[in-house]
Amino acid sequence: MEALTQVSGEAREERQQLFETVQSHDRILESNARAAERQERLIESNARVIQALANAVAEAGEERRQLFQRMDQRQEEIRRLQEETRGLQTENRRILDILLNQQEREDDATDD
Numbered sequence: 887m888e889a890l891t892q893v894s895g896e897a898r899e900e901r902q903q904l905f906e907t908v909q910s911h912d913r914i915l916e917s918n919a920r921a922a923e924r925q926e927r928l929i930e931s932n933a934r935v936i937q938a939l940a941n942a943v944a945e946a947g948e949e950r951r952q953l954f955q956r957m958d959q960r961q962e963e964i965r966r967l968q969e970e971t972r973g974l975q976t977e978n979r980r981i982l983d984i985l986l987n988q989q990e991r992e993d994d995a996t997d998d
């Protein structure tokens, strides 16, 4: 009978240890579940940040493209104005030559 009582006590101790082990595993699983939730939120947050950065990069690229386009337009306008200025300079020189030649002829005519 004493052996049966001893076996029964050992079985009770084993059940208690098993129960405590199961409880410990439950706590670990709950902790892991909370950690997984935190990681999931962090992953979602990182995904939003990455998307925002990608949007910012795309927007900056578009702004840069528009800026270069405006710079090209301004450069073309400058080139056109420089051509017009050279044309006006040439025309002014031609007119000045005509006026100088005309004045020289008038001076020559008055000297005679």
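FYI, the numbering for the sequence shown is 887 to 998, going by this note's numbering.
Quick reminder that beta carbons are idealized off the backbone N, C-alpha and C, glycines included.
Keep in mind that this is a model prediction, so the values were computed, not measured.
For M957, the three-state DSSP class (helix, strand or coil): Here residue 957 refers to the residue found at position 71 when the sequence shown is read from its first residue. DSSP places M957 in the helix class (H, G or I) of the three-state scheme.
Could you check the C-alpha separation between R920 and L928 for me, to the nearest Å? The residue labelled residue 920 in the question sits at position 34 within the sequence shown. The residue labelled residue 928 in the question sits at position 42 within the sequence shown. Distance between the alpha carbons of R920 and L928 is about 12 Å.
For T996, which residues of its own chain have a beta-carbon under 8 Å away from its beta-carbon, when the five flanking residues on both sides are left out? Within the sequence shown, residue 996 is the residue found at index 110, counting from 1. So the list is empty, once near-sequence residues are dropped.
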